[in-house]
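For reference, the structure discussed in these notes is given below.
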Amino acid sequence: MSPRTRRRLSVAAIALTVLVVVFVAGVALFVERPSTTVAADTVTTASKPATPTASFVPTIAPVPPTGGYALDFTLPTFGKSGCMVCHGDPQLTIVRGDQSHNYWIDQKIVDASAHAKIQCTGCHIDFAYTSPHKDAADWRRVAKESCKNCHPDQFRDYSLGSHSEKVGPGHTPDPKAANKPLCGDCHGSHAMPKLKNNPAGKAAEHALSQQMCGSPGCHADYWANYNDYYHGAAYKRGATDAPACWGCHETHATRNHKDSLAYTNDSQLASTCGRCHEDVGEGYLTYTKLIHSKQQTLDGNPVYSTVKSARTGMSGLGETIGSLFGGRGGK
Ligand code: HEC
Ligand code: HEC
Ligand code: HEC
Ligand code: HEC
Ligand code: HEC
Ligand code: HEC
């Protein structure tokens, strides 16, 4: 091969390499998707084709220390769609150090909830359309309490019960305040089912005892020992007629059984149990002790010990105890 041919060949090879590199880079550029993981303290979002609101022009900060979304924004669009311009984006993720959190709110979940028609700022009353959001210091608490503005009856009942904060004499703070549930602690946020005229929503709510009442830090122990055959065990198997915790404890004005107004107080049991049972007499009510069938209560109970040695299955036990207390109750 002449040096000339060799030179031509190497020029061709270089040209080819350059072409290949350019092509590969081009493909890479074309294929590359917006990354969801970015450096610390930045917000990232997909470069979306179009925002839901045509008139929306975000005021992007000139230097982007917070990434794609300027947190200092003013929205011309009020109402839910204003918030959903950003929060409707599945890729709205903020990364702080090695933690990342996604702030996407699924429109489908909101639309299926009881609050489909109310504004985001109905609950997030401390969130203006001008930001930074950071000004909303205790936003989580605010959102969990805002309910009282629209649900005054439930708020009144809740205020009477033992789950609300009780200021002591001389305005001393409630030492148990930190453990007491706010509305949003029991109900959650965006997925509350509609209950009125909605059997499916009612059924979903009915199944929530463990989440509402029995989570760690609340009454996990009473969730665990709510195990009697007719009520607790049946409930945990999915029986829709077995009472959820609030079937006996009242929904919002929940009180300790020592309080004479509590649904679980001895003086009220006939009416509480009477919601589901007819002819609730003294004897019948002794069953109450078995509802939170704590082992020591059971072991100390002559019926239980007798039946336990005679039977193995819990179902046998339940039926025997049930028949001792007068058979099936009416509903
Ligand atoms: C321009 C985009 C944008 C708009 C519009 C927007 N947000 Fe946000 N929002 C964000 C970002 C980004 C975050 C996460 C930022 C952070 O934690 O600092 C966030 C966080 C939140 C949080 C959690 C707060 C926290 O500190 O973790 C709530 C609640 C919230 N937004 C509600 C709303 C509501 C309600 C609206 C409408 C009134 C709204 N947002 C409008 C971008 C937006
Ligand atoms: C019925 C009251 C209510 C409505 C209406 C509501 N929120 Fe919320 N939102 C809450 C509560 C309560 C929380 C706190 C949840 C928690 O801490 O578990 C929350 C949390 C958030 C968060 C933070 C989520 C996170 O993962 O940290 C964002 C963002 C948010 N809401 C945006 C919105 C947007 C956007 C709308 C309107 C489409 C909206 N919210 C409507 C009650 C509501
Ligand atoms: C300890 C948990 C708990 C707390 C705290 C709580 N709720 Fe409820 N709430 C429930 C349960 C459980 C139901 C469902 C009752 C049913 O299906 O019979 C309910 C039902 C409701 C309903 C539907 C109508 C009704 O009365 O049955 C509304 C509205 C409501 N709650 C609002 C609130 C508001 C407002 C607050 C705060 C002031 C609040 N809740 C606090 C557990 C709670
Ligand atoms: C801005 C007003 C507003 C706020 C704030 C609000 N709600 Fe509601 N809520 C409504 C409306 C309106 C309905 C629908 C009532 C209906 O369809 O009859 C509703 C329905 C409900 C239902 C279902 C009741 C049923 O019978 O179907 C529950 C439970 C509920 N809200 C709880 C809450 C809780 C808990 C909060 C706070 C985290 C809250 N709401 C905040 C207005 C509000
Ligand atoms: C069929 C009625 C009934 C149901 C359902 C029920 N309980 Fe109870 N619960 C009672 C009675 C009666 C007492 C008081 C006497 C006792 O401790 O046996 C009580 C006591 C309690 C106590 C102690 C506070 C007090 O007033 O003495 C807690 C906490 C409790 N229950 C939580 C729950 C939880 C959580 C659930 C749901 C997993 C639940 N209960 C379901 C009837 C019931
Ligand atoms: C929300 C409804 C509801 C409430 C409230 C309720 N129960 Fe029941 N109870 C049931 C169901 C459902 C059964 C199972 C009936 C069956 O198997 O046919 C049952 C069964 C029983 C049985 C077995 C015998 C029989 O009558 O079927 C006893 C005993 C009993 N309950 C006692 C109580 C006592 C005591 C209370 C009050 C502390 C109470 N119940 C509250 C729904 C309830």
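According to the numbering used here, the sequence shown holds residues 795 to 1125 in order.
By construction, the Cβ of each residue, glycine as well, lies at the ideal position given by its N, Cα and C atoms.
4-residue-minimum alpha helix (DSSP H) runs that sit fully inside the segment 891 to 922, ordered along the chain: Counting whole runs of 4 or more residues, the segment 891 to 922 contains the alpha helix (DSSP H) stretches 901 to 906 and 914 to 917.
Residues near R827 in its chain [Cβ-Cβ closer than 6 Å; skip 5 each side]: Since pLDDT at R827 reaches only 36, below the 50 mark, its modelled position is unreliable, and the value read off the structure follows with that caveat. Cβ neighbours of R827 within its own chain (closer than 6 Å, five residues either side excluded): none.
Backbone secondary structure at H1043 - three-state DSSP: DSSP places H1043 in helix when its eight states are reduced to three.
Helix, strand or coil at Y1020 [DSSP, three-state]: Assigned with DSSP and collapsed to three states, Y1020 falls in strand.
When L1055, T1058 and N896 are compared against C880, the one with the closest alpha-carbon: Looking at the Cα atoms, N896 is the closest of the given residues.
Under 8 Å between C-beta atoms of A997 and T1045: Judged by beta-carbon spacing, T1045 lies beyond the 8 Å limit of A997, meaning their Cβ atoms are not closer than that value.
Alpha-carbon to alpha-carbon, A1047 and G962: Approximately 19 Å between the Cα atoms of the pair.
Bridge partner(s) assigned by DSSP for H1086: In the DSSP output, where bridge partners are listed per residue, H1086 has Y1020.
Cα-Cα separation, L1079 to S1087: If you take the alpha carbons of L1079 and S1087, they lie about 14 Å apart.
R935 versus D979 - alpha carbon distance: Roughly 9 Å separates the two Cα atoms.
The segment 979 to 996 / the segment 902 to 918 touching (three or more Cβ pairs under 8 Å): Cβ pair count under 8 Å is three or more, so yes.
Separation of L1055 from A1064, as counted between CA atoms: Taking the straight line joining both Cα atoms gives about 13 Å.
Y1024 vs H1043 beta-carbon contact at 8 Å: No, Cβ-Cβ distance for Y1024 and H1043 is not below 8 Å.
Start and end residues, alpha helix (DSSP H) containing V936: Note, V936: alpha helix (DSSP H), W933 to E939.
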